[in-house]
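Residue numbers (our numbering): 300 to 841.
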(Lines of atoms letter the chains of each structure in order from A; the text may use other names.)
(Lines give C-alpha, C1' and ligand atoms only; values in the text may rest on other atoms or scores of the structure.)
Protein backbone atom coordinates (compact mmCIF):
# COMPACT_ATOMS: atom_id res chain seq x y z
CA UNK A 300 0.00 0.00 0.00
CA UNK A 301 2.80 2.45 0.95
CA UNK A 302 6.50 1.98 0.22
CA UNK A 303 9.39 3.94 1.75
CA UNK A 304 12.32 4.04 -0.70
CA UNK A 305 15.86 4.84 0.56
CA UNK A 306 14.70 7.73 2.77
CA UNK A 307 17.36 9.82 4.56
CA UNK A 308 17.02 12.78 6.92
CA UNK A 309 19.75 15.26 7.89
CA UNK A 310 19.70 18.13 10.39
CA UNK A 311 22.50 20.68 10.00
CA UNK A 312 24.99 18.12 8.74
CA UNK A 313 23.97 15.44 11.26
CA UNK A 314 22.32 12.35 9.80
CA UNK A 315 19.22 11.25 11.73
CA UNK A 316 18.77 8.14 9.60
CA UNK A 317 19.88 7.10 6.12
CA UNK A 318 18.68 4.85 3.25
CA UNK A 319 15.65 3.59 5.19
CA UNK A 320 13.36 1.31 3.16
CA UNK A 321 10.25 -0.66 4.14
CA UNK A 322 6.66 -1.27 3.03
CA UNK A 323 3.38 -0.92 4.91
CA UNK A 324 0.74 -3.46 3.92
CA UNK A 325 -3.04 -3.07 4.10
CA UNK A 326 -3.51 -4.85 7.45
CA UNK A 327 -0.21 -4.04 9.19
CA UNK A 328 -0.41 -2.76 12.75
CA UNK A 329 3.11 -1.39 13.35
CA UNK A 330 4.79 -0.13 16.53
CA UNK A 331 7.52 2.42 15.73
CA UNK A 332 10.09 2.08 18.51
CA UNK A 333 13.45 3.61 19.44
CA UNK A 334 14.99 5.81 22.11
CA UNK A 335 14.14 9.54 22.36
CA UNK A 336 15.83 11.47 19.54
CA UNK A 337 16.21 8.43 17.26
CA UNK A 338 13.84 9.96 14.69
CA UNK A 339 10.52 8.18 15.28
CA UNK A 340 8.32 11.29 15.14
CA UNK A 341 10.26 12.63 12.15
CA UNK A 342 9.69 9.37 10.26
CA UNK A 343 5.98 9.48 11.14
CA UNK A 344 5.75 13.05 9.78
CA UNK A 345 7.38 11.90 6.53
CA UNK A 346 4.81 9.08 6.23
CA UNK A 347 2.07 11.68 6.83
CA UNK A 348 3.47 14.03 4.17
CA UNK A 349 4.04 16.69 6.85
CA UNK A 350 7.74 17.00 5.98
CA UNK A 351 10.04 16.01 3.14
CA UNK A 352 13.03 13.68 3.52
CA UNK A 353 16.52 14.93 2.63
CA UNK A 354 16.60 12.19 0.00
CA UNK A 355 14.53 9.18 -1.02
CA UNK A 356 10.81 8.95 -1.73
CA UNK A 357 7.43 7.47 -0.78
CA UNK A 358 5.15 5.69 -3.20
CA UNK A 359 1.48 4.72 -2.79
CA UNK A 360 -1.73 4.43 -4.83
CA UNK A 361 -3.20 7.81 -5.83
CA UNK A 362 -6.40 7.49 -3.76
CA UNK A 363 -4.70 6.35 -0.51
CA UNK A 364 -6.17 8.18 2.51
CA UNK A 365 -3.67 8.82 5.34
CA UNK A 366 -4.75 10.27 8.71
CA UNK A 367 -2.15 11.63 11.14
CA UNK A 368 -2.49 12.50 14.84
CA UNK A 369 0.57 14.44 16.04
CA UNK A 370 1.73 14.54 19.66
CA UNK A 371 0.89 18.24 20.08
CA UNK A 372 -1.99 20.16 18.49
CA UNK A 373 -2.36 23.90 18.06
CA UNK A 374 -6.04 24.23 17.18
CA UNK A 375 -8.20 27.31 17.65
CA UNK A 376 -11.90 27.28 16.88
CA UNK A 377 -15.32 28.24 18.18
CA UNK A 378 -17.27 25.20 17.03
CA UNK A 379 -19.10 22.85 19.33
CA UNK A 380 -17.58 19.42 19.93
CA UNK A 381 -20.18 17.81 17.63
CA UNK A 382 -19.68 20.39 14.85
CA UNK A 383 -15.89 20.10 14.98
CA UNK A 384 -16.01 16.29 14.93
CA UNK A 385 -18.45 16.32 11.99
CA UNK A 386 -15.75 18.04 9.92
CA UNK A 387 -14.42 14.53 9.35
CA UNK A 388 -17.11 14.30 6.65
CA UNK A 389 -16.40 17.73 5.11
CA UNK A 390 -15.12 16.29 1.81
CA UNK A 391 -18.20 14.10 1.46
CA UNK A 392 -20.50 17.04 2.31
CA UNK A 393 -18.65 19.22 -0.22
CA UNK A 394 -19.08 16.50 -2.86
CA UNK A 395 -22.81 16.23 -2.10
CA UNK A 396 -23.27 20.03 -2.25
CA UNK A 397 -21.40 20.25 -5.56
CA UNK A 398 -23.58 17.50 -7.11
CA UNK A 399 -26.72 19.37 -6.01
CA UNK A 400 -25.37 22.67 -7.36
CA UNK A 401 -24.50 21.16 -10.76
CA UNK A 402 -27.88 19.42 -11.06
CA UNK A 403 -29.64 22.71 -10.25
CA UNK A 404 -27.57 24.49 -12.89
CA UNK A 405 -28.29 21.81 -15.50
CA UNK A 406 -32.06 22.23 -15.04
CA UNK A 407 -31.95 25.91 -16.06
CA UNK A 408 -29.35 25.77 -18.84
CA UNK A 409 -30.37 25.18 -22.45
CA UNK A 410 -26.97 25.18 -24.22
CA UNK A 411 -27.04 21.40 -24.46
CA UNK A 412 -24.42 21.19 -27.22
CA UNK A 413 -21.83 23.55 -25.67
CA UNK A 414 -18.47 22.43 -24.26
CA UNK A 415 -19.29 23.95 -20.84
CA UNK A 416 -22.52 21.95 -20.62
CA UNK A 417 -20.70 18.70 -21.52
CA UNK A 418 -18.00 19.44 -18.90
CA UNK A 419 -20.71 19.81 -16.23
CA UNK A 420 -22.26 16.50 -17.32
CA UNK A 421 -18.85 14.79 -17.04
CA UNK A 422 -18.14 16.39 -13.64
CA UNK A 423 -21.49 15.42 -12.12
CA UNK A 424 -21.14 11.88 -13.49
CA UNK A 425 -17.68 11.45 -11.96
CA UNK A 426 -18.72 12.95 -8.62
CA UNK A 427 -21.91 10.88 -8.46
CA UNK A 428 -19.98 7.69 -9.17
CA UNK A 429 -17.61 8.47 -6.26
CA UNK A 430 -20.36 9.70 -3.93
CA UNK A 431 -22.70 6.75 -4.36
CA UNK A 432 -19.82 4.28 -4.14
CA UNK A 433 -19.27 5.44 -0.55
CA UNK A 434 -21.11 3.31 1.98
CA UNK A 435 -24.31 4.94 3.17
CA UNK A 436 -23.36 7.22 6.06
CA UNK A 437 -25.48 8.02 9.07
CA UNK A 438 -22.90 10.58 10.11
CA UNK A 439 -24.69 11.82 13.25
CA UNK A 440 -24.84 8.30 14.68
CA UNK A 441 -21.19 7.67 13.73
CA UNK A 442 -20.04 10.92 15.37
CA UNK A 443 -22.00 10.13 18.54
CA UNK A 444 -20.62 6.57 18.72
CA UNK A 445 -16.98 7.68 18.42
CA UNK A 446 -17.30 10.61 20.85
CA UNK A 447 -18.96 8.43 23.49
CA UNK A 448 -16.29 5.76 22.98
CA UNK A 449 -13.54 8.32 23.57
CA UNK A 450 -15.01 9.38 26.90
CA UNK A 451 -17.29 12.34 26.06
CA UNK A 452 -20.84 12.49 27.43
CA UNK A 453 -23.82 13.80 25.45
CA UNK A 454 -23.83 17.05 27.43
CA UNK A 455 -20.36 17.75 25.98
CA UNK A 456 -21.58 17.64 22.37
CA UNK A 457 -22.97 21.20 22.44
CA UNK A 458 -20.08 22.73 24.42
CA UNK A 459 -17.47 24.85 22.62
CA UNK A 460 -14.18 23.05 21.97
CA UNK A 461 -12.38 26.05 23.52
CA UNK A 462 -13.81 24.99 26.92
CA UNK A 463 -11.81 21.75 26.87
CA UNK A 464 -8.23 21.03 27.94
CA UNK A 465 -5.53 20.06 25.48
CA UNK A 466 -6.06 16.37 26.26
CA UNK A 467 -9.76 16.52 25.42
CA UNK A 468 -9.11 18.57 22.26
CA UNK A 469 -6.66 15.84 21.25
CA UNK A 470 -9.53 13.35 21.55
CA UNK A 471 -11.69 15.50 19.26
CA UNK A 472 -8.92 15.37 16.63
CA UNK A 473 -8.65 11.61 17.16
CA UNK A 474 -12.42 11.24 16.68
CA UNK A 475 -12.23 13.16 13.36
CA UNK A 476 -9.32 11.01 12.26
CA UNK A 477 -11.10 7.72 13.03
CA UNK A 478 -14.33 8.81 11.29
CA UNK A 479 -12.48 9.35 8.01
CA UNK A 480 -11.94 5.56 7.84
CA UNK A 481 -8.45 6.06 6.38
CA UNK A 482 -6.29 3.42 4.71
CA UNK A 483 -3.43 4.28 7.08
CA UNK A 484 -3.67 5.76 10.59
CA UNK A 485 -0.53 7.39 12.06
CA UNK A 486 -0.60 7.99 15.85
CA UNK A 487 2.07 9.77 17.92
CA UNK A 488 1.55 9.05 21.66
CA UNK A 489 -2.27 8.85 21.43
CA UNK A 490 -2.87 7.56 24.99
CA UNK A 491 -1.10 10.26 27.02
CA UNK A 492 -4.32 12.10 27.91
CA UNK A 493 -6.78 9.20 27.92
CA UNK A 494 -8.27 7.18 30.76
CA UNK A 495 -8.25 3.37 30.83
CA UNK A 496 -11.78 2.91 29.43
CA UNK A 497 -11.09 5.21 26.47
CA UNK A 498 -7.79 3.45 25.76
CA UNK A 499 -9.59 0.08 25.74
CA UNK A 500 -12.19 1.48 23.33
CA UNK A 501 -9.42 2.81 21.05
CA UNK A 502 -7.64 -0.55 21.15
CA UNK A 503 -10.81 -2.35 20.12
CA UNK A 504 -11.37 0.13 17.28
CA UNK A 505 -7.81 -0.14 15.94
CA UNK A 506 -7.81 -3.95 16.09
CA UNK A 507 -11.28 -4.58 14.66
CA UNK A 508 -12.23 -1.56 12.54
CA UNK A 509 -9.01 0.12 11.36
CA UNK A 510 -6.98 -0.89 8.32
CA UNK A 511 -3.22 -0.19 8.57
CA UNK A 512 -1.85 1.55 11.69
CA UNK A 513 1.58 2.94 12.65
CA UNK A 514 1.85 4.04 16.29
CA UNK A 515 4.49 5.59 18.55
CA UNK A 516 3.63 4.91 22.19
CA UNK A 517 5.30 4.37 25.57
CA UNK A 518 2.25 2.40 26.77
CA UNK A 519 3.51 -1.18 26.55
CA UNK A 520 0.11 -2.84 27.10
CA UNK A 521 -1.49 -0.64 24.40
CA UNK A 522 1.29 -1.41 21.90
CA UNK A 523 1.21 -5.15 22.65
CA UNK A 524 -2.56 -5.32 22.30
CA UNK A 525 -2.83 -3.63 18.89
CA UNK A 526 0.37 -4.35 16.93
CA UNK A 527 1.65 -7.34 14.97
CA UNK A 528 4.90 -5.79 13.72
CA UNK A 529 7.68 -3.66 15.25
CA UNK A 530 10.01 -1.29 13.39
CA UNK A 531 12.91 -0.02 15.51
CA UNK A 532 14.75 3.19 14.60
CA UNK A 533 18.27 3.12 16.04
CA UNK A 534 21.66 4.61 15.15
CA UNK A 535 20.49 5.86 11.74
CA UNK A 536 19.07 2.50 10.64
CA UNK A 537 15.87 0.52 11.05
CA UNK A 538 15.25 -3.08 12.07
CA UNK A 539 11.97 -4.61 10.97
CA UNK A 540 10.47 -7.40 13.12
CA UNK A 541 7.32 -9.35 12.26
CA UNK A 542 6.53 -9.51 15.96
CA UNK A 543 4.64 -7.56 18.62
CA UNK A 544 6.57 -5.45 21.10
CA UNK A 545 7.12 -8.03 23.89
CA UNK A 546 8.48 -10.61 21.40
CA UNK A 547 10.55 -7.91 19.67
CA UNK A 548 12.35 -7.22 22.98
CA UNK A 549 13.56 -10.84 23.08
CA UNK A 550 14.66 -10.75 19.43
CA UNK A 551 16.41 -7.41 19.98
CA UNK A 552 18.29 -8.82 22.96
CA UNK A 553 19.56 -11.70 20.77
CA UNK A 554 20.52 -9.26 18.01
CA UNK A 555 22.52 -7.12 20.41
CA UNK A 556 24.31 -10.19 21.80
CA UNK A 557 25.37 -11.16 18.25
CA UNK A 558 26.47 -7.57 17.58
CA UNK A 559 28.54 -7.52 20.75
CA UNK A 560 30.19 -10.83 19.86
CA UNK A 561 31.01 -9.61 16.33
CA UNK A 562 32.28 -6.31 17.74
CA UNK A 563 34.56 -8.03 20.27
CA UNK A 564 35.97 -10.36 17.59
CA UNK A 565 36.58 -7.44 15.22
CA UNK A 566 38.30 -5.37 17.94
CA UNK A 567 40.56 -8.34 18.72
CA UNK A 568 41.43 -8.71 15.02
CA UNK A 569 42.14 -4.95 14.72
CA UNK A 570 44.40 -5.03 17.78
CA UNK A 571 46.35 -8.04 16.41
CA UNK A 572 46.86 -6.32 13.05
CA UNK A 573 47.85 -3.01 14.65
CA UNK A 574 50.39 -4.87 16.76
CA UNK A 575 51.80 -6.57 13.61
CA UNK A 576 51.99 -3.20 11.77
CA UNK A 577 53.78 -1.47 14.69
CA UNK A 578 56.19 -4.40 15.09
CA UNK A 579 57.22 -4.78 11.44
CA UNK A 580 56.65 -1.33 9.87
CA UNK A 581 60.43 -0.74 9.56
CA UNK A 582 61.30 -4.28 8.40
CA UNK A 583 62.04 -4.46 4.64
CA UNK A 584 61.07 -8.11 4.23
CA UNK A 585 57.62 -7.42 5.78
CA UNK A 586 56.83 -4.18 3.84
CA UNK A 587 54.20 -5.73 1.53
CA UNK A 588 52.46 -7.51 4.42
CA UNK A 589 52.42 -4.30 6.49
CA UNK A 590 50.99 -2.26 3.56
CA UNK A 591 48.39 -4.95 2.89
CA UNK A 592 47.20 -4.91 6.49
CA UNK A 593 47.10 -1.08 6.60
CA UNK A 594 44.89 -1.03 3.48
CA UNK A 595 42.68 -3.78 4.92
CA UNK A 596 42.12 -1.77 8.13
CA UNK A 597 41.40 1.42 6.16
CA UNK A 598 38.63 -0.33 4.20
CA UNK A 599 37.23 -2.16 7.22
CA UNK A 600 33.55 -1.46 8.02
CA UNK A 601 33.37 -1.20 11.79
CA UNK A 602 30.76 -3.27 13.61
CA UNK A 603 28.43 -1.08 15.68
CA UNK A 604 26.62 -2.16 18.81
CA UNK A 605 23.19 -0.63 19.43
CA UNK A 606 22.60 1.80 22.28
CA UNK A 607 24.08 0.71 25.59
CA UNK A 608 21.59 -1.27 27.66
CA UNK A 609 21.48 0.28 31.11
CA UNK A 610 18.49 -1.78 32.26
CA UNK A 611 20.63 -3.16 35.09
CA UNK A 612 20.63 0.28 36.70
CA UNK A 613 18.69 0.07 39.93
CA UNK A 614 17.52 2.96 42.07
CA UNK A 615 16.01 2.86 45.54
CA UNK A 616 14.01 5.25 47.63
CA UNK A 617 15.84 6.34 50.78
CA UNK A 618 14.61 4.73 54.01
CA UNK A 619 11.94 6.72 55.87
CA UNK A 620 10.48 6.40 59.39
CA UNK A 621 7.40 4.20 59.76
CA UNK A 622 4.02 5.85 59.59
CA UNK A 623 0.99 4.80 61.62
CA UNK A 624 -0.97 1.69 60.66
CA UNK A 625 -3.48 3.69 58.57
CA UNK A 626 -1.84 6.60 56.70
CA UNK A 627 -5.11 7.58 54.96
CA UNK A 628 -8.68 7.22 56.28
CA UNK A 629 -11.54 8.84 54.30
CA UNK A 630 -15.02 8.87 55.86
CA UNK A 631 -18.30 9.84 54.08
CA UNK A 632 -16.48 12.46 52.02
CA UNK A 633 -18.43 14.79 49.73
CA UNK A 634 -17.08 17.46 47.39
CA UNK A 635 -19.06 19.82 45.15
CA UNK A 636 -18.11 22.64 42.79
CA UNK A 637 -21.22 24.81 42.73
CA UNK A 638 -24.11 22.49 41.82
CA UNK A 639 -21.78 19.85 40.39
CA UNK A 640 -21.21 16.91 42.76
CA UNK A 641 -17.78 15.33 42.19
CA UNK A 642 -18.37 12.48 44.66
CA UNK A 643 -20.36 11.86 47.83
CA UNK A 644 -20.35 9.22 50.59
CA UNK A 645 -16.76 8.30 49.69
CA UNK A 646 -15.06 5.92 52.13
CA UNK A 647 -11.49 4.68 51.93
CA UNK A 648 -8.98 3.06 54.28
CA UNK A 649 -5.39 2.68 53.07
CA UNK A 650 -3.04 0.63 55.25
CA UNK A 651 0.68 1.18 55.78
CA UNK A 652 2.71 -0.40 52.96
CA UNK A 653 -0.25 -0.81 50.56
CA UNK A 654 0.10 0.21 46.94
CA UNK A 655 -3.27 1.26 45.51
CA UNK A 656 -4.46 2.66 42.17
CA UNK A 657 -7.08 5.36 41.58
CA UNK A 658 -8.76 4.68 38.23
CA UNK A 659 -11.80 5.95 36.36
CA UNK A 660 -12.80 8.25 33.55
CA UNK A 661 -11.34 11.75 33.43
CA UNK A 662 -13.39 14.19 35.51
CA UNK A 663 -14.72 11.59 37.97
CA UNK A 664 -12.76 12.95 40.95
CA UNK A 665 -9.40 11.17 41.17
CA UNK A 666 -7.34 14.35 41.33
CA UNK A 667 -9.95 15.95 43.61
CA UNK A 668 -9.52 13.08 46.09
CA UNK A 669 -5.76 13.64 46.05
CA UNK A 670 -6.29 17.34 46.79
CA UNK A 671 -8.52 16.33 49.71
CA UNK A 672 -5.78 14.04 51.07
CA UNK A 673 -3.26 16.87 50.61
CA UNK A 674 -5.63 19.18 52.59
CA UNK A 675 -5.81 21.64 49.71
CA UNK A 676 -9.50 22.33 50.39
CA UNK A 677 -12.16 21.73 53.05
CA UNK A 678 -14.69 19.03 52.10
CA UNK A 679 -18.42 19.86 51.96
CA UNK A 680 -19.01 17.01 54.39
CA UNK A 681 -17.15 14.02 55.80
CA UNK A 682 -13.48 13.87 56.74
CA UNK A 683 -9.96 12.90 55.64
CA UNK A 684 -7.54 11.79 58.36
CA UNK A 685 -3.80 11.49 57.73
CA UNK A 686 -2.16 8.91 59.99
CA UNK A 687 0.53 9.41 62.62
CA UNK A 688 4.00 10.36 61.27
CA UNK A 689 2.86 10.24 57.62
CA UNK A 690 5.44 12.05 55.45
CA UNK A 691 3.88 12.76 52.05
CA UNK A 692 5.77 12.94 48.77
CA UNK A 693 3.49 14.34 46.05
CA UNK A 694 4.01 14.21 42.29
CA UNK A 695 1.35 16.30 40.54
CA UNK A 696 0.81 16.61 36.80
CA UNK A 697 2.08 20.20 37.10
CA UNK A 698 5.04 19.25 39.32
CA UNK A 699 7.51 20.46 36.70
CA UNK A 700 6.33 24.07 37.20
CA UNK A 701 7.55 24.01 40.82
CA UNK A 702 11.25 23.51 39.98
CA UNK A 703 13.80 26.31 40.49
CA UNK A 704 14.39 27.60 36.95
CA UNK A 705 17.72 29.26 37.68
CA UNK A 706 19.78 26.19 38.66
CA UNK A 707 21.14 23.41 36.42
CA UNK A 708 19.84 19.86 36.08
CA UNK A 709 22.81 18.53 38.07
CA UNK A 710 22.44 21.18 40.81
CA UNK A 711 18.72 20.42 41.18
CA UNK A 712 19.54 16.84 42.17
CA UNK A 713 22.83 17.57 43.96
CA UNK A 714 21.02 19.91 46.38
CA UNK A 715 18.87 17.10 47.81
CA UNK A 716 20.94 13.92 47.25
CA UNK A 717 22.34 12.38 50.44
CA UNK A 718 24.45 9.31 51.21
CA UNK A 719 25.66 6.80 48.61
CA UNK A 720 23.37 8.18 45.89
CA UNK A 721 25.62 11.26 45.59
CA UNK A 722 28.18 9.12 43.76
CA UNK A 723 25.45 7.90 41.37
CA UNK A 724 23.93 11.25 40.33
CA UNK A 725 25.27 11.13 36.74
CA UNK A 726 24.10 7.53 36.32
CA UNK A 727 20.70 8.45 37.75
CA UNK A 728 20.38 11.42 35.38
CA UNK A 729 21.45 9.18 32.50
CA UNK A 730 18.68 6.70 33.30
CA UNK A 731 16.23 9.59 32.86
CA UNK A 732 17.76 10.56 29.49
CA UNK A 733 19.99 13.44 30.71
CA UNK A 734 23.41 12.74 29.17
CA UNK A 735 26.76 14.53 28.78
CA UNK A 736 26.48 18.31 28.60
CA UNK A 737 22.70 18.10 29.19
CA UNK A 738 23.25 18.06 32.94
CA UNK A 739 24.69 21.61 32.91
CA UNK A 740 21.56 23.08 31.27
CA UNK A 741 19.45 25.46 33.35
CA UNK A 742 15.95 24.23 34.21
CA UNK A 743 14.39 27.27 32.46
CA UNK A 744 15.52 26.02 29.00
CA UNK A 745 14.04 22.51 29.45
CA UNK A 746 10.92 21.27 27.68
CA UNK A 747 7.83 20.23 29.64
CA UNK A 748 8.71 16.54 29.30
CA UNK A 749 12.30 17.11 30.48
CA UNK A 750 11.08 19.04 33.52
CA UNK A 751 8.67 16.24 34.37
CA UNK A 752 11.49 13.69 34.32
CA UNK A 753 13.66 15.93 36.51
CA UNK A 754 10.82 16.40 39.01
CA UNK A 755 10.43 12.61 39.17
CA UNK A 756 14.14 12.15 40.01
CA UNK A 757 13.83 14.77 42.74
CA UNK A 758 10.89 12.91 44.30
CA UNK A 759 12.83 9.65 44.23
CA UNK A 760 15.42 11.14 46.57
CA UNK A 761 13.11 12.59 49.24
CA UNK A 762 12.73 10.57 52.50
CA UNK A 763 8.93 10.02 52.59
CA UNK A 764 6.64 7.16 53.61
CA UNK A 765 3.45 8.09 51.69
CA UNK A 766 3.91 8.63 47.95
CA UNK A 767 1.06 10.16 45.94
CA UNK A 768 1.74 10.04 42.19
CA UNK A 769 -0.65 11.69 39.70
CA UNK A 770 0.03 10.39 36.16
CA UNK A 771 3.76 9.82 36.82
CA UNK A 772 4.53 7.89 33.62
CA UNK A 773 3.15 10.22 30.93
CA UNK A 774 6.49 11.59 29.69
CA UNK A 775 8.70 8.59 30.44
CA UNK A 776 9.98 6.02 27.94
CA UNK A 777 9.54 2.32 28.66
CA UNK A 778 13.02 1.76 30.09
CA UNK A 779 12.70 4.68 32.51
CA UNK A 780 9.22 3.54 33.54
CA UNK A 781 10.63 0.08 34.31
CA UNK A 782 13.33 1.63 36.53
CA UNK A 783 10.75 3.67 38.48
CA UNK A 784 8.34 0.76 38.71
CA UNK A 785 11.06 -1.43 40.23
CA UNK A 786 11.92 1.31 42.74
CA UNK A 787 8.24 1.68 43.72
CA UNK A 788 7.87 -2.09 44.06
CA UNK A 789 10.77 -2.14 46.55
CA UNK A 790 9.54 0.97 48.38
CA UNK A 791 8.53 0.04 51.93
CA UNK A 792 6.08 2.91 52.37
CA UNK A 793 2.54 3.47 51.09
CA UNK A 794 1.80 4.41 47.46
CA UNK A 795 -1.27 5.98 45.83
CA UNK A 796 -1.10 5.92 42.02
CA UNK A 797 -3.38 7.81 39.64
CA UNK A 798 -2.59 6.30 36.24
CA UNK A 799 -4.13 5.02 33.02
CA UNK A 800 -0.99 3.00 32.21
CA UNK A 801 -2.02 -0.62 32.79
CA UNK A 802 1.48 -1.98 32.25
CA UNK A 803 2.85 0.44 34.85
CA UNK A 804 0.15 -0.58 37.36
CA UNK A 805 0.50 -4.32 36.63
CA UNK A 806 2.40 -6.02 39.46
CA UNK A 807 2.54 -2.75 41.41
CA UNK A 808 -0.95 -1.83 42.64
CA UNK A 809 -2.59 -4.57 44.72
CA UNK A 810 -5.93 -2.79 45.19
CA UNK A 811 -8.02 -0.51 42.96
CA UNK A 812 -10.31 2.37 43.94
CA UNK A 813 -12.66 3.11 41.03
CA UNK A 814 -14.12 6.62 40.68
CA UNK A 815 -17.44 6.33 38.86
CA UNK A 816 -20.89 7.97 38.92
CA UNK A 817 -20.03 10.25 41.87
CA UNK A 818 -18.96 7.26 43.97
CA UNK A 819 -15.70 5.61 45.02
CA UNK A 820 -15.85 1.81 44.66
CA UNK A 821 -13.22 -0.39 46.33
CA UNK A 822 -11.94 -3.41 44.35
CA UNK A 823 -9.75 -5.96 46.10
CA UNK A 824 -8.15 -7.18 42.85
CA UNK A 825 -5.05 -5.88 41.08
CA UNK A 826 -5.44 -3.91 37.84
CA UNK A 827 -5.81 -7.01 35.65
CA UNK A 828 -8.46 -8.48 37.94
CA UNK A 829 -10.30 -5.15 37.98
CA UNK A 830 -10.28 -4.90 34.15
CA UNK A 831 -11.55 -8.50 33.88
CA UNK A 832 -14.45 -7.66 36.23
CA UNK A 833 -15.28 -4.52 34.19
CA UNK A 834 -15.39 -6.53 30.96
CA UNK A 835 -17.78 -9.03 32.56
CA UNK A 836 -19.97 -6.15 33.76
CA UNK A 837 -20.09 -4.71 30.25
CA UNK A 838 -21.06 -8.10 28.81
CA UNK A 839 -23.79 -8.44 31.44
CA UNK A 840 -25.08 -4.96 30.55
CA UNK A 841 -25.24 -5.95 26.88
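Backbone N, C-alpha and C define an ideal beta-carbon position, used for all residues, glycine too. What you are looking at is a predicted structure, and each value in this text was computed from that prediction instead of being measured.
Kindly indicate which residue of the options has the alpha-carbon position closest to the one of residue i.
i	options	result
residue 665	687, 633, 366, 824	633
residue 570	592, 398, 555, 424	592
residue 644	631, 651, 381	631
residue 450	495, 431, 415, 416	495
residue 395	361, 674, 431	431
residue 368	742, 722, 488	488
residue 649	781, 684, 628	628
residue 507	477, 588, 531, 614	477
residue 647	777, 785, 820	820
residue 602	624, 558, 626	558
residue 544	517, 555, 563, 567	517
residue 403	413, 419, 393	419
residue 493	474, 479, 484	474
residue 702	742, 722, 675	742
residue 764	667, 790, 562, 452	790
residue 804	772, 749, 460, 617	772
residue 740	705, 715, 304, 722	705
residue 377	326, 463, 442	463
residue 672	459, 693, 580	693
residue 317	499, 684, 595, 536	536
Using three-state DSSP, classify residue i as helix, strand or coil.
i	result
residue 540	strand
residue 800	coil
residue 368	strand
residue 520	helix
residue 621	coil
residue 486	strand
residue 645	strand
residue 742	helix
residue 552	helix
residue 341	helix
residue 411	coil
residue 684	strand
residue 303	strand
residue 806	coil
residue 448	helix
residue 581	coil
residue 694	strand
residue 737	helix
residue 639	strand
residue 460	helix
residue 790	coil
residue 627	strand
residue 666	helix
Under 7 Å from any heavy atom of the ligand MN, does the C-beta of residue i make it?
i	result
residue 755	As presented, the structure is devoid of all ligands, the ligand MN included, so that no description of it is given.
Would residue i and residue j qualify as a contact pair, given that the criterion is a beta-carbon distance under 8 Å?
i	j	result
residue 457	residue 379	yes
residue 760	residue 712	yes
residue 315	residue 515	no
residue 651	residue 682	no
residue 482	residue 510	yes
residue 540	residue 533	no
residue 382	residue 471	no
residue 323	residue 348	no
residue 513	residue 346	yes
residue 686	residue 625	yes
residue 334	residue 736	no
residue 359	residue 426	no
residue 423	residue 401	yes
Could you pull the DSSP bridge partners for residue i from this structure?
i	result
residue 822	811
residue 313	310
residue 528	329
residue 511	483
residue 795	655, 767
residue 506	For residue 506, which the question treats as bridged, DSSP gives no partner whatsoever.
residue 633	680
residue 711	For residue 711, which the question treats as bridged, DSSP gives no partner whatsoever.
residue 379	459
residue 321	303
TODO: Assess, as a yes-or-no matter, whether the segment 343-354 is touched by the segment 304-316 under the definition of 3 or more beta carbon pairs within less than 8 Å.
DONE: The segment 304-316 makes contact with the segment 343-354, as at least three CB pairs between them are under 8 Å.
TODO: Could you say if the segment 723-736 and the segment 751-765 meet the contact criterion of at least three C-beta pairs nearer than 8 Å?
DONE: For the pair of segments examined, the segment 723-736 was found to touch the segment 751-765: the number of CB pairs separated by less than 8 Å reaches three.
- [ ] Pair every Cβ in the segment 318-333 with every Cβ in the segment 525-539, then say whether three or more of these pairs are closer than 8 Å.
- [x] In the pairwise beta carbon analysis, the segment 318-333 is classified as touching the segment 525-539: at least three pairs are separated by under 8 Å.
Task: Sufficient close CB pairs (3 or more, under 8 Å) joining the segment 798-818 to the segment 654-670 - done: With the cut-off at 8 Å, the segment 798-818 and the segment 654-670 touch.
TODO: Specify whether the segment 760-769 and the segment 790-805 touch according to this definition: at least 3 beta carbon pairs, one from each stretch, less than 8 Å apart.
DONE: Note that the segment 760-769 touches the segment 790-805; at least 3 beta-carbon pairs, one per stretch, sit closer than 8 Å.
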